[in-house]
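Chemist: There's a structure below that I have some questions on.
2 protein chains.
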Amino acid sequence: MSTPGTFTVRALLFDVFGTVVDWRSTVIWESKALARHHGWPADRVNWPAFADTWRREGYSAAVGRIARGEAPWARVDELHRRQLDELLAGYSIDELDEPEIDRFNRVWHRLAPWPDAVPGLIRLRHRYTIAPLSNGNFALLTNMAKHAGLPWDCILSAELFHTYKPQPEVYLGAVDLLGLQPQEVMMVAAHASDLEAARPSGLRTAYVPRPLEHGEGASTREPVAPAPPFDITAADFLALATALDC
Amino acid sequence: MSTPGTFTVRALLFDVFGTVVDWRSTVIWESKALARHHGWPADRVNWPAFADTWRREGYSAAVGRIARGEAPWARVDELHRRQLDELLAGYSIDELDEPEIDRFNRVWHRLAPWPDAVPGLIRLRHRYTIAPLSNGNFALLTNMAKHAGLPWDCILSAELFHTYKPQPEVYLGAVDLLGLQPQEVMMVAAHASDLEAARPSGLRTAYVPRPLEHGEGASTREPVAPAPPFDITAADFLALATALDC
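Chains as they are written, first to last, in numbering that gives the first Met the number 0: chain V, 0 to 245; chain G, 0 to 245.
Now the structure itself:
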């Protein structure tokens, strides 16, 4: 773990999907529960592939188009729903009524935290203002925090700025709402690209790799030794708390 | 206490200054501590009058001008500071350096809750999403929550909409961020005017009078029996929690 150097960090902003919560395990787990509830054959859907497509096409690709100005603004809830409708049609799943589909779409509001996330955040909260800074919409992040017991001091979402990370408006908008200077704020993420986008705006950076984000044995999308280096690299949120004297 | 009737409320939005926190007692208390620290004579400043002017002119009047479009947008921190500078000049107080003035100005980030506020919110939080919806700026509300232990699920501030209550954009903007319908949201306030402004946007209303907001023996600005009636009238947040089955 590298050392934080000498600067006064007052607030920590956290990427959420993958960094704080294990989206993939929860989506697979709830999908399989839904399948059991309806008595579907176990081989009807490859649920890990379903989850990966939902994430990759419904979220990552769609958010990227909006961030680049190639598509009009829409909330992540809506982006998720568009992809879910496509997936259900693709798998010829037509037994779900509207409330069931809506509830399934909101699985992203009910994602489970990594085991170190809540205890780490509780320690970090004593000394720092802590908040998510996610592309997830405001209600999604608020509901997730309530569901998972994430002890945020406030909710910050790209929705407040009607664009998405990695656009600098998101990082600088969050800093401005907190009434701080960029160098007083540290972005925490499991994705080097998020930190590399935050740094030019003046934010500090902490890298917390999550090698299991894409499942056991998946080829991780993150380099093992990211370059350039970040202000802190920590194995999990407990190590981050220790590195930040909490 | 009146009954809530039959509707599904999912979120409670709270006015803050006066409703959740006792701004006047805290401002007077911190002002007197500052005076003692500097060894000022006890009769140099009438601190209750100082606090009342700060609130009335620096906040209420200034926010009103912005809400009516008569003045450009500015954060409450800045409005407070403008009035503080005027007050200090008016009392010929020139011994404070910039960090002391800045810290004094941020007394509004450190206001103490009414005694029932935190225990009431803790009960309400089990069943509802709870958030401030205040004209106070986002950082002020975030810092206040951390200082006072207010267990909000998220922070909602008029700052997010660049206008002030009683403009409908504030109430409807908050409802939209929560992903709810107006009738699923209840505004809680000690000021009938706030509730009367929220109602036409479709929000439910709960009136919690705070007869001591302006001090013992002050002629309260609130009617004893406000009309028209609100969905709920409760003596304090504990009674509100009971009325809302928490």
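Don't be surprised by glycine CBs; every beta carbon is placed ideally from N, CA and C.
1) Determine, for V/F137, whether the minimum Cβ-Cβ distance to residues of chain G falls below 8 Å.
2) Quick one, which residues of the stretch 174-195 of chain V are near chain G if we go by CB-CB under 8 Å, in chain order?
3) Does any residue of chain V bring its CB to less than 8 Å from the CB of G/A144?
4) Output yes if chain V places a C-beta closer than 8 Å to the C-beta of G/V15; else output no.
5) Count the other C-beta atoms from every protein chain shown that fall within 10 angstroms of the C-beta of V/D193, then say buried if there are 16 or more, exposed otherwise.
6) Note down the Cα distance separating V/A66 from V/Q166, rounded to an integer number of angstroms.
7) Using a Cβ-Cβ cutoff of less than 7 Å, which residues in the same chain neighbour G/V15 once the five nearest sequence positions on both sides are dropped?
8) Do G/W113 and G/D21 have their beta-carbon atoms positioned less than 8 Å apart in this structure?
9) Return the CA-CA distance between G/Q180 and G/P199, expressed in angstroms with no decimal places.
10) Taking the runs of the alpha helix (DSSP H) that are 4 residues or longer, which of them lie wholly in the stretch 30-67 of chain V?
11) Closer than 9 Å, Cβ to Cβ, to anything on chain G: give me those residues from the stretch 106-136 of chain V, in chain order.
12) Compare the Cα-Cα distances from V/D42 to each of V/K31, V/A50, V/D51, V/T52 and report the closest residue.
13) How should V/R23 be labelled, buried or exposed, when 16 other C-beta atoms within 10 angstroms of its C-beta is the threshold for buried?
14) Can you give the beta carbon distance from G/A144 to G/I154, rounded, assuming they're within the 8 Å contact cut?
15) Distance cutoff 8 Å, beta carbons only. Does V/T141 sit that close to anything in chain G?
16) In terms of DSSP beta bridges, what is G/F103 paired with?
17) Using C-beta distances below 7 Å, list every residue in its chain close to V/H161, excluding the 5 sequence neighbours before and after it, in chain order.
18) Does G/E183 pass the burial test, meaning 16 or more other C-beta atoms within 10 Å, or should it be called exposed?
19) Just reading off the alpha helix (DSSP H) that V/A70 is part of, what are its end residues?
20) Examine chain G for any beta-carbon lying closer than 8 Å to the beta-carbon of V/I100, and answer yes or no.
21) In whole angstroms, what is the alpha-carbon distance linking G/L123 and G/V117?
22) Measure the alpha-carbon distance for G/F103 versus G/R109 and round it to whole angstroms.
23) Using alpha carbons as the reference points, say which of V/G201, V/L202, V/A234, V/L83 lies closest to V/L211.
24) Leaving out five residues before and five after G/L243 in sequence, what residues of the same chain have Cβ atoms less than 6 Å from its Cβ?
25) Return the first residue and the last residue of the beta strand (DSSP E) that G/I129 is part of.
26) Check each candidate in V/A61, V/K164, V/V75 and name the one with the smallest Cα separation from V/H190.
27) List the endpoints of the continuous beta strand (DSSP E) containing G/A197.
28) Beta-carbon of V/C153 versus every beta-carbon of chain G: anything under 8 Å?
29) Let's test the definition: count the other Cβ atoms within 10 Å of the Cβ of G/R55 and tell me whether it reaches 16, buried, or not, exposed.
30) Would you call the CB atoms of V/G57 and V/Q82 closer than 8 Å?
31) Residues of chain G with CB closer than 7 Å to the CB of V/L78, please, in chain order.
32) On the three-state DSSP scale, how would you describe G/T141?
33) Using a C-beta cutoff of 8 Å, does G/P3 count as contacting chain V?
34) Could you give the DSSP three-state label for V/V20: helix, strand or coil?
35) Can you tell which of V/N142, V/L95, V/S156 has the C-alpha that lies nearest to the C-alpha of G/W151?
Modeler: Quick look at the numbers:
1) yes
2) For the stretch 174-195 of chain V, which is checked against every Cβ of chain G, the residues closer than 8 Å are L176, L177, G178, L179.
3) Taking Cβ atoms only, chain V reaches closer than 8 Å to G/A144, which makes this a yes.
4) So no, G/V15 is outside the interface.
5) buried
6) 6 Å
7) Counting only Cβ-Cβ distances below 7 Å, and skipping sequence neighbours, we find P131, S133, G135, L140.
8) yes
9) Distance between the alpha carbons of G/Q180 and G/P199 is about 13 Å.
10) 46-52, 61-66
11) R124, T128, A130, N136
12) Of the candidates V/K31, V/A50, V/D51, V/T52, the one whose C-alpha sits nearest the C-alpha of V/D42 is V/K31.
13) buried
14) Yes, they are in contact, since the Cβ atoms of G/A144 and G/I154 sit about 7 Å apart, within 8 Å.
15) Taking CB atoms only, V/T141 has a neighbour in chain G less than 8 Å away.
16) Answer by DSSP bridge pairing: none, since G/F103 is not bridged.
17) W72
18) buried
19) Counting along the chain, V/A70 falls outside any alpha helix (DSSP H), and DSSP gives it neither H nor E.
20) no
21) 10 Å
22) 10 Å
23) V/A234
24) Contacts found: none.
25) 128-133
26) V/K164
27) First-last for G/A197: 191-197, but that is the alpha helix (DSSP H), not the beta strand (DSSP E).
28) yes
29) exposed
30) yes
31) By Cβ distance, chain G contributes nothing, its closest Cβ being about 14 Å from V/L78, past 7 Å.
32) helix
33) Note that G/P3 has pLDDT 48, beneath the 50 cutoff, so the model's placement of it is unreliable and no number is given.
34) strand
35) V/N142
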